[in-house]
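**Student:** Chains as they are written, first to last, in the working numbering: chain U, 2 to 313; chain Z, 17 to 283.
One structure, pasted below without further comment.
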Amino acid sequence: MPSPSVINSTLPKSVSFSRGKQSRQVVRKYALPYLLLSPTVILLIAFLAVPFFSLFYYGVHKTDLQGVSTYTGLNNFILLINEARFIQNLQATLLYLVGVLTLSLPLAYFAASLISSNMKGVGVLRTIFLIPWVLAPVVTALLFKTMLDPTSGPITMLLKWIFGQPVYLTLSPEGARLVIILHSAWRSFPFEMLLIAAGITSIPVELYEAARVDGANSWKQFRYITLPLTRVQLFSAVLMISVWTIQDAEGVYALTQGGPGYATEVTGVRLFKEAFLYFNISLASSIGIALIVLSIIVMSVYLRILGRGEAA
Amino acid sequence: MARTRFILAWVGVVFIVVMIIFPLYWGVRTALADNYDRRFFPTELTLDNYRFLFMGGRFIDNIKNSMIVSLGSVTATLPLALLGGYALARFDFPGKRFSIVLLVLPLLPAIAVLVALIMYMRMLGLYNTLYAVILANTVFSSPFAVWMVRGFMLSIPREIEEAALIDGCGPLAALFRIAMPLAAPGLIAVSIFVLISAWNNYLFSFAFTTKTPLQVVPAALLGFITSWGTNYGGMNAAATVAMLPPLIFFLAFQKWFVQGMLAGSTK
Numbered sequence: 002m003p004s005p006s007v008i009n010s011t012l013p014k015s016v017s018f019s020r021g022k023q024s025r026q027v028v029r030k031y032a033l034p035y036l037l038l039s040p041t042v043i044l045l046i047a048f049l050a051v052p053f054f055s056l057f058y059y060g061v062h063k064t065d066l067q068g069v070s071t072y073t074g075l076n077n078f079i080l081l082i083n084e085a086r087f088i089q090n091l092q093a094t095l096l097y098l099v100g101v102l103t104l105s106l107p108l109a110y111f112a113a114s115l116i117s118s119n120m121k122g123v124g125v126l127r128t129i130f131l132i133p134w135v136l137a138p139v140v141t142a143l144l145f146k147t148m149l150d151p152t153s154g155p156i157t158m159l160l161k162w163i164f165g166q167p168v169y170l171t172l173s174p175e176g177a178r179l180v181i182i183l184h185s186a187w188r189s190f191p192f193e194m195l196l197i198a199a200g201i202t203s204i205p206v207e208l209y210e211a212a213r214v215d216g217a218n219s220w221k222q223f224r225y226i227t228l229p230l231t232r233v234q235l236f237s238a239v240l241m242i243s244v245w246t247i248q249d250a251e252g253v254y255a256l257t258q259g260g261p262g263y264a265t266e267v268t269g270v271r272l273f274k275e276a277f278l279y280f281n282i283s284l285a286s287s288i289g290i291a292l293i294v295l296s297i298i299v300m301s302v303y304l305r306i307l308g309r310g311e312a313a
Numbered sequence: 017m018a019r020t021r022f023i024l025a026w027v028g029v030v031f032i033v034v035m036i037i038f039p040l041y042w043g044v045r046t047a048l049a050d051n052y053d054r055r056f057f058p059t060e061l062t063l064d065n066y067r068f069l070f071m072g073g074r075f076i077d078n079i080k081n082s083m084i085v086s087l088g089s090v091t092a093t094l095p096l097a098l099l100g101g102y103a104l105a106r107f108d109f110p111g112k113r114f115s116i117v118l119l120v121l122p123l124l125p126a127i128a129v130l131v132a133l134i135m136y137m138r139m140l141g142l143y144n145t146l147y148a149v150i151l152a153n154t155v156f157s158s159p160f161a162v163w164m165v166r167g168f169m170l171s172i173p174r175e176i177e178e179a180a181l182i183d184g185c186g187p188l189a190a191l192f193r194i195a196m197p198l199a200a201p202g203l204i205a206v207s208i209f210v211l212i213s214a215w216n217n218y219l220f221s222f223a224f225t226t227k228t229p230l231q232v233v234p235a236a237l238l239g240f241i242t243s244w245g246t247n248y249g250g251m252n253a254a255a256t257v258a259m260l261p262p263l264i265f266f267l268a269f270q271k272w273f274v275q276g277m278l279a280g281s282t283k
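What follows is the structure, given as structure tokens:
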């Protein structure tokens, strides 16, 4: 079936036709792209959009084990906001986010400038640097757990050798928080590096040459050339890593189960426990909504900063 | 000046490489050494942990389940991504600007939606089946997969397809016989992306299956942590097995995979 309609859509302004035929032509013209997209759209509406909205339904209802649900309004949310544990969850999430970004971004910039240089063996380096990114969060979390074991872990032994006395990172709240941040930063920096390196390679070399002629040192070159010119990539990296860190449950759960106490129980881990261990669906839905709101806040803050930068 | 920079760069390289390789080395070491051997470089190696791991066939079942889930997710996602990505790259139609939603969706917390999806899977009779896990993987990977294929299709010149259309080739034939072969690296990149994310994922299987015979590899790993203590030898033996597929596919298709991720992450 040779179809002139597709030629129309790919070659605009090629044929003009009479009015009566036009509406039929329009339907045929758009039928194919809609048809091609329909499986994805239907799937996403049925299994993403609809559950997304029923989350709000579960959030304002209390469902018992028989499946009978009663309307409770904002009760769940009021309970959550007044709960010391949930406030602690939010604080832990914030600390986790700030910690991961602070550690991973400088590392990502350094690694990105390494792999976009013309040193020998850069390809091999890039491959090695990307390894943490392709491994499962559960796997890397357990590798870290092995290294940090209080009796047999090499890191524990190293710390004991350095400080002369045993330091058990996973057993103290501060240590455990540091551990989940280190693990997540280790996992996150490769992706940030990839985006930032794509930005660095698009900077013309002449800029650096001119800066060197003018006597700019490495820091100044970074501050006034690299950083401003990779701003867009930096923002996408920060945005994605931030939302993923806020939502993270698997890595933290495998590493500490949220402990000791609730020290590392970030919002994702709390949700994970309430939903899949205690089957507390209405509370889990409220936490889920809180998590969605948190992600949207982070996204809009970044987009706003990026938008303002673009306008300036 | 240049010399200090050079030395500094190398110190940095060594630091990052050790930071990445050491956890992997320690995992392999723990899997291969005797459980009571505390030395950094053990001299006697043993396969006992692996022998114990594969004894009884439980772990083999976990691997089988993980393979079913990963391959099933690729099989389900790839056609969606091909058709959708082609439509977005090659056609203009009303409502196209809403396709940006596909970029935002992967940023929303999957774990939150899972809570409601549990109820859905119960209603559909899919709860406690691997279909539910495959379905969830497909739903959550397809937005990014569509966007990746779109990026690849945009990088292919459309003149070839247009020439074919003028010569009387149908639009679907143009897609399957011309665009698809040209976008093959992109489709491979998408497949690897879906395969690795499905293989690595623990959340979906944990949310939708409660039966031990349906457990996937990451669940098996966590099974080594018990209230009596952790069997590190066994756990790391299992972890090294779990690492292999992502590493192998990543190393084999690195160039296309990275290109695809960048094409999907940026406009």
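The beta carbon of each residue, even a glycine, is placed where N, CA and C say it ideally should be.
Is the CB-CB distance between Phe265 (chain Z) and Leu211 (chain Z) below 8 Å?
**Tutor:** The answer is yes: Cβ separation under 8 Å.
**Student:** Helix, strand or coil for Gly245 (chain Z), going by three-state DSSP, please let me know.
**Tutor:** Strand at Gly245 (chain Z).
**Student:** Need the endpoints of the beta strand (DSSP E) that Thr14 (chain Z) sits in, please.
**Tutor:** Limits of chain Z in this structure are 17 at one end and 283 at the other, which puts residue 14 (chain Z) out of reach.
**Student:** For the segment 82-108 of chain U, which residues have a beta carbon sitting closer than 8 Å to at least one beta carbon of chain Z?
**Tutor:** Per Cβ criterion, the list reads Leu108.
**Student:** For Lys63 (chain U), which residues does DSSP report across the bridge?
**Tutor:** According to DSSP, which records beta bridges pairwise, Lys63 (chain U) is partnered with U:Thr71.
**Student:** In the DSSP assignment, find the unbroken alpha helix (DSSP H) run with Gln92 (chain U) in it and report its ends.
**Tutor:** Note, Gln92 (chain U): alpha helix (DSSP H), Ala85 to Ile116.
**Student:** Considering only the alpha carbon of each residue, which of Z:Pro125, Z:Leu118 and Z:Thr91 lies closest to Val294 (chain U)?
**Tutor:** The shortest Cα separation from Val294 (chain U) among Z:Pro125, Z:Leu118 and Z:Thr91 belongs to Z:Pro125.
**Student:** Quick one: residues in its chain with C-beta nearer than 7 Å to the C-beta of Asp77 (chain Z), no 5 flanking neighbours on either side, listed in chain order?
**Tutor:** Taken in chain order, the residues that qualify are Pro229.
**Student:** Can you name the residues of chain Z whose CB is closer than 9 Å to the CB of Gly289 (chain U)?
**Tutor:** Chain Z residues near Gly289 (chain U): Pro125, Ile127, Ala128, Val129, Leu130, Val131 and Ala132.
**Student:** Look at Gly101 (chain Z) and Met196 (chain Z) and say whether their C-beta atoms are less than 8 Å apart.
**Tutor:** Result no, Cβ atoms of Gly101 (chain Z) and Met196 (chain Z) do not sit closer than 8 Å.
**Student:** Flag this pair as touching only if the segment 238-246 of chain Z and the segment 25-35 of chain Z have three or more C-beta atom pairs under 8 Å; answer yes or no.
**Tutor:** The segment 238-246 of chain Z, when compared against the segment 25-35 of chain Z, does not touch it at the 8 Å Cβ threshold.
**Student:** Anyone know if the C-beta pair for Leu240 (chain U) and Met194 (chain U) falls short of 8 Å?
**Tutor:** Contact: no.
**Student:** Does chain U have any CB closer than 8 Å to the CB of Pro197 (chain Z)?
**Tutor:** Not closer than 8 Å to any Cβ of chain U, the Cβ of Pro197 (chain Z) fails to qualify, so no.
**Student:** Please go through the segment 168-215 of chain U and give each complete alpha helix (DSSP H) segment of 4 or more residues, from N-terminal end onward.
**Tutor:** Complete alpha helix (DSSP H) runs here, min 4: 174-202 and 206-214.
**Student:** Is Ile208 (chain Z) near Leu146 (chain Z), with beta carbons less than 8 Å apart?
**Tutor:** No, the pair does not count as a contact, with Cβ atoms beyond the cut-off.
**Student:** Does chain Z have any CB closer than 8 Å to the CB of Ile352 (chain U)?
**Tutor:** The question about residue 352 (chain U) has no answer here: the residues shown for chain U are numbered 2 through 313.
**Student:** Write down the C-beta distance between Thr335 (chain U) and Thr265 (chain U) rounded to the nearest angstrom, noting that I regard them as a contact closer than 8 Å.
**Tutor:** The structure shown does not extend to residue 335 (chain U), since chain U is modelled only from 2 through 313, so no value can be given for it.
**Student:** Let's test the definition: count the other Cβ atoms within 10 Å of the Cβ of Ile23 (chain Z) and tell me whether it reaches 16, buried, or not, exposed.
**Tutor:** Exposed: under 16 other Cβ atoms inside 10 Å.
**Student:** Check for me: the alpha helix (DSSP H) holding Gly269 (chain U) runs from which residue to which?
**Tutor:** Run containing Gly269 (chain U): Thr268 to Phe273, per the alpha helix (DSSP H) assignment.
**Student:** According to DSSP, is Asp77 (chain Z) part of a helix, a strand, or is it coil?
**Tutor:** In this structure, Asp77 (chain Z) counts as helix in the three-state DSSP scheme.
**Student:** Got a sec: which bits of the segment 21-37 of chain Z sit with their beta carbon under 8 Å from any beta carbon on chain U, in order along the chain?
**Tutor:** Result list: Arg21, Ala25, Gly28, Val29, Ile32, Val33, Met35, Ile36 and Ile37.
**Student:** Less than 8 Å between the beta carbons of Pro39 (chain Z) and Leu144 (chain U), yes or no?
**Tutor:** Contact: yes.
**Student:** For a contact defined as C-beta to C-beta under 8 Å, what are the partners of Ile212 (chain Z) on chain U?
**Tutor:** Neighbours of Ile212 (chain Z) on chain U, chain order: Val135.
**Student:** Taking Cβ positions, are Ile242 (chain U) and Ala113 (chain U) nearer each other than 8 Å?
**Tutor:** No. Outside cutoff.
**Student:** What residues in its chain sit with their C-beta under 8 Å from that of Leu237 (chain Z), if we drop five residues either side in the sequence?
**Tutor:** Hits under 8 Å: Met251, Ala254, Ala255 and Ala258.
**Student:** Since Gly88 (chain Z) and Gly202 (chain Z) should fall inside the 8 Å C-beta cutoff, what is the C-beta to C-beta distance between them, to a whole number of angstroms?
**Tutor:** Not quite, the Cβ-Cβ distance comes to about 21 Å (not below 8 Å), so this is no contact.
**Student:** Val270 (chain U) to Tyr225 (chain U), Cα distance in whole Å?
**Tutor:** Their Cα atoms are separated by approximately 40 Å.
**Student:** By Cβ distance below 7 Å, which residues in the same chain neighbour Arg106 (chain Z) in space, the five residues on each side in sequence not counted?
**Tutor:** Met169 and Arg174.
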